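The sequence shown begins at 728 in the numbering used here and counts up by one. For each residue, glycine too, the CB sits at the ideal point set by N, CA and C. Here the structure is a predicted model, which means the values were calculated and not measured.
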Amino acid sequence: AIPRAAKVHLSVYDILGREVAVLVNEAMQPGQYEYEFDARELSSGIYFYRLEAGSFKQVRKMLLAR
Numbered sequence: 728a729i730p731r732a733a734k735v736h737l738s739v740y741d742i743l744g745r746e747v748a749v750l751v752n753e754a755m756q757p758g759q760y761e762y763e764f765d766a767r768e769l770s771s772g773i774y775f776y777r778l779e780a781g782s783f784k785q786v787r788k789m790l791l792a793r
């Protein structure tokens, strides 16, 4: 959830640190959001997503399995 209005950037990176997708890059109002990620063009493996909202920054790992 986004507690206050902020510029939000949500992107996905491969294991080598290359950005493979940008899901969000815009100013957003407070609230809870959900996004679906179309990964048809990506291989199975480990990816990371990075969320930035104002001064908040977080990186998490995810596994894409086919």
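Exercise. On the three-state DSSP scale, how would you describe G744?
Worked result: coil
Problem set entry | For A748 and L737, the rounded distance between their alpha carbons | Going from the Cα of L737 to the Cα of A748 covers about 9 Å.
Problem set entry | Assigned secondary structure, G781 (DSSP; H/G/I helix, E/B strand, else coil) | coil
Exercise. Buried or exposed: where does V735 fall if 16 or more other Cβ atoms within 10 Å of its Cβ makes it buried?
Worked result: buried
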